[in-house]
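The structure appears below as structure tokens.
Residue numbers (full-length UniProt numbering): 1 to 207.
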């Protein structure tokens with residue numbers, strides 16, 4: 001029993017101190033490892049999703065280019081010296097859509113190699129930045145082509161009374177249906193590119 005006014009000291013064995021500190025440090029190491037694993041899994045998942053989106057966008061770009069590039073309709077009635085025919089290359093906007101989506105399809109096929117590389121190497125920030133820049137260029141190209149084609153499709157359906165442009169879809173109905181579908185597919189391509197740009201930006205920010 002200690003005297004009054006004197007401090008009472010309690011000695012703690014060294015083993016108890018070390019064991020106590022070790023017990024407190026273990027959860028920190030475990031939490032750090034789990035965080036790293038979760039981050040690695042997130043990066044790999046986003047890279048795989050990017051690869052799948054590129055495949056889907058490639059299919060949509062090919063569908064838009066082929067659908068528009070094969071558009072041709074000849075009316076059953078004709079005169080001795082004139083035949084009524086509508087082709088996609090009669091309209092520069094439709095030709096622009098074919099060229100733009102063909103370029104986008106070629107780029108997407110090439111970018112699949114880089115996408116596979118990002119699946120293997122999650123921290124390849126340089127490759128992701130390159131894809132982000134090129135995807136942004138493709139957004140501008142495909143969105144412009146789809147918008148121009150949609151404007152011509154609108155005129156083909158409704159015409160313009162102020163400019164004395166007659167709607168041709170009453171006669172060339174198959175032509176208008178196919179060009180309308182190609183224009184919609186062009187917008188789908190542009191939207192998918194926008195989605196890939198957002199995903200690439202998020203991945204670079206998380207790195």
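Idealized CB from N, CA, C, for every residue including glycine. Computed from a predicted model, the values in this text were never measured in an experiment.
Cβ-heavy atom distance, residue i to the ligand FMN, below 8 Å
i: residue 166; result: Looking for the ligand FMN in the displayed structure turns up nothing, as the structure carries no ligands at all.
Beta-ladder partner(s) of residue i, from DSSP
i: residue 190; result: None, per the DSSP bridge assignment.
i: residue 74; result: 85
i: residue 160; result: 165
Rounded separation between residue i and residue j - CA only
i: residue 113; j: residue 135; result: 15 Å
i: residue 130; j: residue 98; result: 25 Å
i: residue 58; j: residue 108; result: 6 Å
i: residue 52; j: residue 177; result: 29 Å
i: residue 203; j: residue 102; result: 28 Å
i: residue 166; j: residue 90; result: 16 Å
i: residue 127; j: residue 133; result: 10 Å
i: residue 110; j: residue 196; result: 15 Å
i: residue 100; j: residue 121; result: 31 Å
i: residue 123; j: residue 44; result: 10 Å
i: residue 161; j: residue 205; result: 51 Å
Other residues of its chain near residue i: CB distance less than 6 Å, five sequence neighbours each side excluded
i: residue 153; result: 179, 180 and 183
i: residue 185; result: 60, 63 and 64
i: residue 174; result: 73
i: residue 68; result: 88, 94, 97, 98 and 182
i: residue 187; result: 146
Distance between beta carbons of residue j and residue i, contact taken as under 8 Å
i: residue 272; j: residue 118; result: There is no way to answer for residue 272, as the model of the chain reaches only from 1 to 207.
i: residue 49; j: residue 199; result: 7 Å
i: residue 172; j: residue 93; result: About 16 Å; that fails the 8 Å criterion.
Neighbourhood of residue i by C-beta, 7 Å cutoff - its chain only, sequence neighbours within 5 removed
i: residue 104; result: 61, 138, 141, 142 and 189
i: residue 96; result: 145 and 148
i: residue 201; result: 132
i: residue 193; result: 57, 135, 138, 139 and 142
i: residue 191; result: none
i: residue 159; result: 165, 166 and 167
Cβ-based burial, residue i [other Cβ within 10 Å; buried from 16]
i: residue 163; result: exposed
i: residue 70; result: exposed
i: residue 151; result: exposed
Close beta carbons around residue i, own chain, < 8 Å, minus the five adjacent residues each side
i: residue 169; result: 156, 157, 175 and 176
i: residue 116; result: 51
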